[in-house]
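S.K.: Residue numbers are given in my numbering: position 222 of the sequence shown equals residue 284, and the series is strictly consecutive.
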Amino acid sequence: MGDSGGSVVSVDVERISFGGKEHHIQTNHGSVSVAVYGDHDKPALVTYPDIALNHMSCFQGLLFCPEASSLLLHNFCIYHISPPGHEQLGAAPVSPSSPVASVDELADQVSDVLDFFGLGPVMCLGVTAGAYILTLFATKYRERVLGLILVSPLCRTPSWTEWFHNKVMSNLLYYYGMCNMVKDCLLQRYFSKVGVQGCSAVPESDIVQASRSFLDQRQSMNVWRFIHTINERHDLTESLKELQCRTLIFVGQNSQFHAEAVHMTSKLDERYSALIEVQGCGSVVTEEQPHAMLMPLEYFLMGYGLYRPSQISCSPRSPLNPFCISPELLSPESMGVKLKPIKTRANLEV
63 MGDSGGSVVS
73 VDVERISFGG
83 KEHHIQTNHG
93 SVSVAVYGDH
103 DKPALVTYPD
113 IALNHMSCFQ
123 GLLFCPEASS
133 LLLHNFCIYH
143 ISPPGHEQLG
153 AAPVSPSSPV
163 ASVDELADQV
173 SDVLDFFGLG
183 PVMCLGVTAG
193 AYILTLFATK
203 YRERVLGLIL
213 VSPLCRTPSW
223 TEWFHNKVMS
233 NLLYYYGMCN
243 MVKDCLLQRY
253 FSKVGVQGCS
263 AVPESDIVQA
273 SRSFLDQRQS
283 MNVWRFIHTI
293 NERHDLTESL
303 KELQCRTLIF
313 VGQNSQFHAE
323 AVHMTSKLDE
333 RYSALIEVQG
343 CGSVVTEEQP
353 HAMLMPLEYF
363 LMGYGLYRPS
373 QISCSPRSPL
383 NPFCISPELL
393 SPESMGVKLK
403 PIKTRANLEV
């Protein structure tokens with residue numbers, strides 16, 4: 063499964079900001095953009111964003127936190143996979159003649175990307191729709207995933223409310239493009255209600271304003287295609303029981319997908335999973351409240367022998383292997399007081 067043979071080739075490479083490179087890779091299921099940051103000799107962290115976002119709009123807040131940057135960039139080479147047509151550097155419209163990829167095909171693309179870069183087992187970080195794709199990838203290619211870090215993940219088929227909501231957005235995108243109503247729907251999907259409802263008492267936050275501006279640059283039909291794909295997803299509940307990797311789940315208290323995260327956690331092996339609820343936050347915790355992720359991430363990565371730069375003398379060069387550490391470090395209790403098998407609230411009051 064996932065053997066792409068010689069069909070995976072890089073068709074273009076562009077240098078992007080902050081020292082990374084963007085690779086346009088032709089996979090067995092179409093072209094995909096991958097932005098790579100860091101030392102290729104380090105263990106790999108693969109990311110996948112939510113609908114209409116890419117790595118700069120979905121993970122920038124987390125990676126620009128000095129503490130998170132020192133933890134993640136010191137220990138990993140990061141491979142940011144963008145959904146088809148969502149890349150940062152002037153994405154062109156996907157050809158109307160190209161079939162809309164299924165969720166399984168997007169998961170297979172992830173495997174093709176790993177094959178192209180010659181990667182072994184990887185750590186995965188996904189947000190909402192991207193979390194679903196990486197979870198599906200983990201269920202199909204269990205030997206290729208070391209751990210899952212999921213933010214407001216989806217794991218079941220869409221509820222009627224979500225399905226209808228996505229259909230409305232799809233129709234608006236098809237006929238009117240990235241209009242204000244679509245942007246409002248997406249922003250409410252990403253962020254807490256307080257953050258989106260701009261008024262004299264509670265002005266629209268900087269991150270919401272920045273995201274609104276970013277959405278203006280999206281190709282509406284490319285977004286339409288990803289929404290269509292996610293709206294046709296299948297239920298992963300039974301497959302979750304077979305996952306063998308450790309899983310850390312974050313969800314905003316005000317996320318539209320809070321119940322999904324709770325359901326997913328209840329189906330995972332409680333010995334190797336934990337749920338963190340972030341107060342005053344919507345779905346995209348990586349942008350709205352990235353500091354709430356720092357302590358849980360640090361404890362989670364300790365289970366793989368990864369620490370902040372000040373605590374170790376050299377960069378990791380060998381693949382991560384949680385089974386090389388003592389068994390007690392694999393229990394939720396070993397992750398620290400911030401992590402519990404079912405739910406922990408991260409209080410962000412200042």
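Each residue gets a CB set at the ideal place from its N, CA and C atoms; glycine is no exception. Quantities reported herein were computed from a predicted structural model and do not represent experimental measurements.
#1: Where does serine 345 land, buried or exposed, given buried means 16+ other C-beta within 10 angstroms?
#2: What does DSSP give as the partner residue(s) for arginine 287 in the beta ladder?
#3: Pick from Val340, Lys303, Leu298: whose alpha carbon is nearest that of glutamine 315?
#4: Do valine 230 and leucine 208 have their beta-carbon atoms positioned less than 8 Å apart in this structure?
#5: Considering only residues of the same chain and omitting the five flanking positions on each side of leucine 234, which have a CB-CB separation below 7 Å?
#6: Proline 111 to arginine 274, Cα distance in whole Å?
#7: In the DSSP assignment, the beta strand (DSSP E) including leucine 139 goes from what residue to what residue?
#8: So, under 8 Å CB-CB, phenylalanine 253 and glutamate 350 are touching, yes? Tell me the CB distance rounded to an integer number of Å.
#9: The beta strand (DSSP E) that contains alanine 106, what's its start and end?
#10: Which first and last residues belong to the alpha helix (DSSP H) in which valine 270 is found?
#11: Around the C-beta of aspartate 177, are 16 or more other C-beta atoms found within 10 angstroms, so that it is buried, or is it exposed?
#12: Does the Cβ of aspartate 103 have 16 or more other Cβ atoms within 10 Å, making it buried, or fewer, making it exposed?
#13: Between threonine 201 and serine 301, how many whole angstroms is the CB-CB distance? I'm expecting something under 8 Å.
#14: Which residues bound the alpha helix (DSSP H) around glycine 192?
#15: Determine whether the beta carbon atoms of valine 162 and histidine 290 lie at a separation below 8 Å.
#16: When DSSP builds the beta bridges, which residues end up paired with serine 335?
#17: As a quick exercise: from Ala106, Glu332, Leu133, pick the residue whose alpha carbon is nearest that of valine 172.
#18: Histidine 148 and asparagine 293 look like a contact to me (Cβ under 8 Å); what is the Cβ gap, rounded to whole Å?
#19: Short of 7 Å in beta carbon distance, which residues of its chain neighbour methionine 326, apart from the five on each side in sequence? Order them along the chain.
#20: Assign glutamate 304 to one of two classes, buried (16 or more other C-beta atoms within 10 Å of its C-beta) or exposed (fewer than that).
#21: Among the residues of its own chain, which have a CB less than 7 Å from the CB of glycine 82, if the five just before and after it don't count?
#22: Please classify methionine 185: does DSSP put it in a helix, a strand, or coil?
#23: Among all the DSSP beta bridges, which residues are the ones paired with histidine 365?
M.R.: Per the coordinate set shown:
#1: buried
#2: DSSP output for arginine 287 lists no bridge partner at all.
#3: Val340
#4: no
#5: Cys241, Met243, Val244
#6: 16 Å
#7: Position check: residue 139 holds cysteine in this sequence, whereas leucine was assumed. Where cysteine 139 is concerned, the enclosing beta strand (DSSP E) stretches over 139-144.
#8: 5 Å
#9: 106-110
#10: 268-277
#11: buried
#12: exposed
#13: 4 Å
#14: 191-202
#15: yes
#16: Thr309
#17: Ala106
#18: Not confirmed; about 16 Å, so no contact.
#19: Pro215, Cys217, Leu302, Ile311
#20: exposed
#21: Ala97, Val98, Tyr99
#22: strand
#23: Note that residue 365 is glycine in the sequence shown, not histidine. Answer is none; glycine 365 lacks a bridge partner.
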